[in-house]
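Presented below is the structure to which this report refers.
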Amino acid sequence: MNGRRPFPNPQALRVFLCVAQEGSVGRAALSLGMTQPGVSQHLQALEAQIGQVLFHRQGRRLVLTKTGQDLLPEARRAVQALEGFMQAAQALERLERGRVEIGASTTMAVYVLPRYLTEFKRLYPEIRIKLESGSSERLTQRLLQGEIELAVVEAVEHLEGFERQLFYEDELVVIVPPEHPWARKEEIAPEQLAEVPLIVREPGAMTFRVLGSALEQAGLEVNPIFYTDNHEVTKRLVLEGAGVGIVSSVVVRPNVRVGNLRALRLKGMELRRLFWLFYPKELGNPAAEALKNTLLS
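For the sequence shown, the working numbering assigns the number 34 to the initial residue and increments by one for each residue that follows.
Rendered as structure tokens:
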């Protein structure tokens with residue numbers, strides 16, 4: 034069985050097209066900025082590769098053979114495709130086109146990343162971004178499987194083949210409405226949580242884990258009356274007077290600014306949340322590299 038022949042040298046195809054247009058090796062050499070022997074060598078190599086003669090001489094001109102006439106439009110399409118390929122590659126390198134997929138834990142996706150992504154879009158308007166939110170565990174798996182290129186997650190120590198840099202540091206705070214007896218305090222004793230209707234994220238959520246671990250170390254127990262699946266529900270319940278909530282500080286920042294909620298710390302407790310940016314050691318995507326740099330700037 035005969036193997037496939039190798040693809041022609043792209044420069045040989047350009048030489049073929051130019052000689053067909055100019056009608057001579059000399060004029061083609063001038064047009065291409067090559068020597069006449071160089072042009073002749075490319076033509077001879079192409080003819081040897083396809084096993085056909087492409088030109089015959091008529092007087093002082095080179096004229097296409099029937100084979101040359103048939104292959105001319107194919108050569109033109111091949112060169113145009115190669116030029117299109119190089120133009121696309123250069124556009125990707127110049128960040129004039131491209132796409133990048135990033136995953137972020139829900140808190141980061143909703144409350145932090147939009148500012149960064151808006152700035153990135155201002156700098157690189159032609160790059161498409163896909164943002165996926167979810168749990169840190171799920172996004173870590175997506176990253177390992179190559180389904181996203183960047184991930185902002187928490188509580189992940191190390192991933193083989195990936196770099197990790199601190200992206201955002203947050204803390205858990207207690208939130209109450211402005212009319213609550215605690216509203217004018219800056220902090221409360223952790224034991225006081227047992228005295229109020231408490232609203233927290235559901236077991237399994239990172240917020241619940243951070244809070245539960247801190248309370249366990251302090252030897253305290255609480256009995257929440259509401260478990261929610263997102264911070265916005267927690268805030269809404271607190272706004273309606275259903276109880277006292279515990280959320281990430283970044284979540285309640287807009288409410289504190291307008292004054293419809295107050296945020297307090299738990300005295301003597303460190304309720305930090307560290308969010309890390311993970312990315313492959315070799316990204317291989319200029320758009321993802323640019324987004325990574327924007328996030329870390």
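Every residue, glycine too, gets a C-beta built ideally from N, C-alpha and C. None of the values given here were measured: they were computed from a predicted structure.
Secondary structure of K5, DSSP reduced to three states
Residue 5 cannot be examined here, being either before or after the span of the chain that is shown, 34 to 330.
State the start and end residues of the unbroken beta strand (DSSP E) segment that holds D363.
The structure shown does not extend to residue 363, since the chain is modelled only from 34 to 330, so the question has no answer here.
Give the DSSP-derived three-state secondary structure of R37 in the structure shown.
Position 4 of the sequence shown, counted from the start, is the residue given in the question as residue 37. Note: R37 maps to coil in three-state DSSP.
If you compare alpha carbons, which of L310, S57, N42 and K325 is closest to L199?
The residue you call residue 199 lines up with position 166 of the sequence shown. With distances taken between Cα atoms, L199 lies closest to L310.
Could you compute how far the alpha carbon of G278 sits from the alpha carbon of A296?
Position 245 of the sequence shown, counted from the first residue, corresponds to residue 278. Position 263 of the sequence shown, counted from the first residue, corresponds to residue 296. Approximately 10 angstroms between the Cα atoms of the pair.
For the beta strand (DSSP E) that contains I279, what are its first and last residues?
Stepping through the sequence shown from its first residue, residue 279 is reached at position 246. Where I279 is concerned, the enclosing beta strand (DSSP E) stretches over V277 to S281.
Give the C-beta separation of A188 and S166 to the nearest angstrom, bearing in mind that I take them to be a contact with Cβ-Cβ under 8 angstroms.
Position 155 of the sequence shown, counting from 1, holds the residue named residue 188. Position 133 of the sequence shown, counting from 1, holds the residue named residue 166. That belief does not hold up - the Cβ atoms of A188 and S166 are roughly 16 angstroms apart, past 8 angstroms.
Backbone CA spacing between D203 and E228 [nearest angstrom]
If you number the sequence shown from 1, residue 203 lands on position 170. If you number the sequence shown from 1, residue 228 lands on position 195. The alpha-carbon atoms of D203 and E228 are separated by roughly 26 angstroms.
Look at R109 and S57 and say whether their C-beta atoms are less than 9 angstroms apart.
Along the sequence shown, read from residue 1 onward, the residue named residue 109 stands at position 76. Along the sequence shown, read from residue 1 onward, the residue named residue 57 stands at position 24. Not closer than 9 angstroms, so no.
Using the rule of at least 16 other Cβ atoms within 10 Å of the residue's Cβ for burial, across every protein chain shown, is M119 buried or exposed?
The residue you call residue 119 lines up with position 86 of the sequence shown. M119 is exposed by the Cβ-count criterion.
Is the CB-CB distance between L307 and L183 below 9 angstroms?
Taking the first residue of the sequence shown as position 1, residue 307 is located at position 274. Taking the first residue of the sequence shown as position 1, residue 183 is located at position 150. No. Outside cutoff.
Count the C-beta pairs between the stretch 151 to 168 and the stretch 265 to 284 that are closer than 8 angstroms, then say yes if the count reaches three, no if not.
no
Since R38 contacts Q82 with CB under 8 angstroms, what's their CB separation in whole angstroms?
Here residue 38 corresponds to residue number 5 of the sequence shown, with the count starting at 1. Here residue 82 corresponds to residue number 49 of the sequence shown, with the count starting at 1. The beta-carbon distance between R38 and Q82, rounded to whole angstroms, is 7 angstroms. This is short enough to meet the 8 angstroms contact definition.
Whole-number beta carbon distance between V133 and A275, since they are thought to touch under 8 angstroms:
In the sequence shown, residue 275 corresponds to position 242, counting from 1. In the sequence shown, residue 133 corresponds to position 100, counting from 1. With 8 angstroms as the limit, A275 and V133 do not qualify as a contact, their Cβ atoms being about 40 angstroms apart.
Determine the direct distance from the alpha carbon of L177 to that of N195, and round the result to whole angstroms.
As a first step, residue 195 must be located in the sequence shown, where it is residue number 162. As a first step, residue 177 must be located in the sequence shown, where it is residue number 144. In the sequence as displayed, the identity of residue 195 is Phe instead of Asn. Near 9 angstroms, if we compare the C-alpha coordinates of L177 and F195.
Do I232 and T267 have their C-beta atoms closer together than 9 angstroms?
As a position in the sequence shown, residue 232 is number 199, starting the count at 1. As a position in the sequence shown, residue 267 is number 234, starting the count at 1. Yes, the Cβ-Cβ distance between I232 and T267 is below 9 angstroms.
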